[in-house]
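Trainee: Sequence positions in the first sequence follow full-length UniProt numbering and run 1 to 154.
I'd like to ask some things about the structure below.
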Amino acid sequence: MAYWLFKTEPDAFSIDDLQQAPQQSTFWEGIRNYQARNFLRDDVQVGDQVFIYHSSCKIPAVVGIATVTKGAETDPHQFDLSSDYYDAKSSKDNPRWVGVTLCYQQHMPRPVTLKAIKADDAITELALKKAGRLSIMPVTDAEWTHICQLGGTE
DNA sequence: GCCAACGTTGGC
DNA sequence: GCCAACGTTGGC
């Protein structure tokens, strides 16, 4: 079992949207970055735990936890001409992009802000800290536990 | 809305 | 396969 952090823009899809989705689940679509894709395709497993992180918003923060309930599947939007996620260079024979299915688990009682993460000397590995545009990133066991404590979860 | 950082593209 | 130009992300 592994730990991850997935970014999302709350204006587009927030932790509340996930909680209110049918079965509190959603197909995590629209990942269009190769490094993130490789994690989704090769490493993310059913049962893995995921921090949901809100980006491009007033207070960027880890806001909740979800569970992976289904592994990598082809993201259908890459073939949808009317979608923002359409990719002319992807083919059905060899689809370029995948997504996984997440199920809502809980909100952080206290969101763990980017500011707090950056200021925290115990968090050194997290890719978020080194900035970058990676939208799916691994979280170490120790940092998962630490961020859970900061957020007030068990 | 600005702009730095960085991933992607494409010409050579 | 290099690298400049370009586009996007995302914090501020």
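No residue lacks a Cβ here, since even glycine has one placed at the ideal position from N, Cα and C.
Computed from a predicted model, the values in this text were never measured in an experiment.
For R37, count neighbouring Cβ atoms within 10 angstroms of its own Cβ and tell me buried if that reaches 16, exposed if not.
Mentor: Within the first sequence, residue 37 is the residue found at index 37, counting from 1. It is buried - the Cβ of R37 has at least 16 other Cβ atoms within 10 Å.
Trainee: Helix, strand or coil: which one does DSSP assign to K129?
Mentor: Numbered from its first residue, the first sequence carries residue 129 at position 129. Note: K129 maps to helix in three-state DSSP.
Trainee: Among T124, T101, A119, which has the Cα closest to the Cα of V50?
Mentor: Reading the first sequence from its first residue, position 50 is the one you call residue 50. With distances taken between Cα atoms, V50 lies closest to T101.
Trainee: Where Y3 and C103 are concerned, what is the direct C-alpha to C-alpha distance, given to the nearest angstrom?
Mentor: Position 3 of the first sequence, counted from the first residue, corresponds to residue 3. Position 103 of the first sequence, counted from the first residue, corresponds to residue 103. Rounded to whole angstroms, Y3 and C103 show a C-alpha spacing of 14 angstroms.
Trainee: What residue from D43, T113, I52 has the CA that sits closest to S14's CA?
Mentor: By 1-based counting over the first sequence, the position of residue 14 is 14. Residue I52 is the option with its Cα nearest to S14.
Trainee: Whose C-beta lies closer than 6 angstroms to the C-beta of F39 among residues of the same chain, with five residues either side of it excluded?
Mentor: Working through the first sequence from its first residue, we reach residue 39 at position 39. Closer than 6 angstroms at Cβ, skipping near neighbours: I136.
Trainee: Where does P10 fall in DSSP's three states?
Mentor: Position 10 of the first sequence holds residue 10. Coil at P10, not helix or strand.
Trainee: Straight-line CA distance for T74 to P10?
Mentor: Numbered from 1 along the first sequence, position 74 holds the residue referred to as residue 74. Numbered from 1 along the first sequence, position 10 holds the residue referred to as residue 10. Looking at the two C-alpha atoms, the distance is approximately 24 angstroms.
Trainee: Which residue comes first and which comes last in the alpha helix (DSSP H) that contains C57?
Mentor: By 1-based counting over the first sequence, the position of residue 57 is 57. First-last for C57: undefined, no H or E at that position.
Trainee: Counting only runs that start and end within the region 75 to 142, where is the alpha helix (DSSP H) found for 4 or more residues in a row?
Mentor: 114 to 119
Trainee: From A122, S25, Q78, pick the residue whose C-alpha is nearest to that of W144; which is it?
Mentor: Here residue 144 refers to the residue found at position 144 when the first sequence is read from its first residue. Nearest of A122, S25, Q78 to W144, Cα basis: A122.
Trainee: Distance, Cα to Cα, Q149 vs T26?
Mentor: Looking up residue 149 in the first sequence gives position 149. Looking up residue 26 in the first sequence gives position 26. Roughly 26 angstroms between the two C-alpha positions.
Trainee: So, for S83: in the same chain, excluding its five sequence neighbours on each side, which residues have a beta-carbon less than 7 angstroms away from its beta-carbon?
Mentor: Locating residue 83 in the first sequence gives position 83, where the first residue counts as 1. Taken in chain order, the residues that qualify are H77.
Trainee: Would M108 and D48 qualify as a contact pair, given that the criterion is a beta-carbon distance under 7 angstroms?
Mentor: Taking the first residue of the first sequence as position 1, residue 108 is located at position 108. Taking the first residue of the first sequence as position 1, residue 48 is located at position 48. Not closer than 7 angstroms, so no.
Trainee: Where do the ends of the beta strand (DSSP E) carrying T26 lie?
Mentor: As a position in the first sequence, residue 26 is number 26, starting the count at 1. Note, T26: beta strand (DSSP E), 25 to 28.
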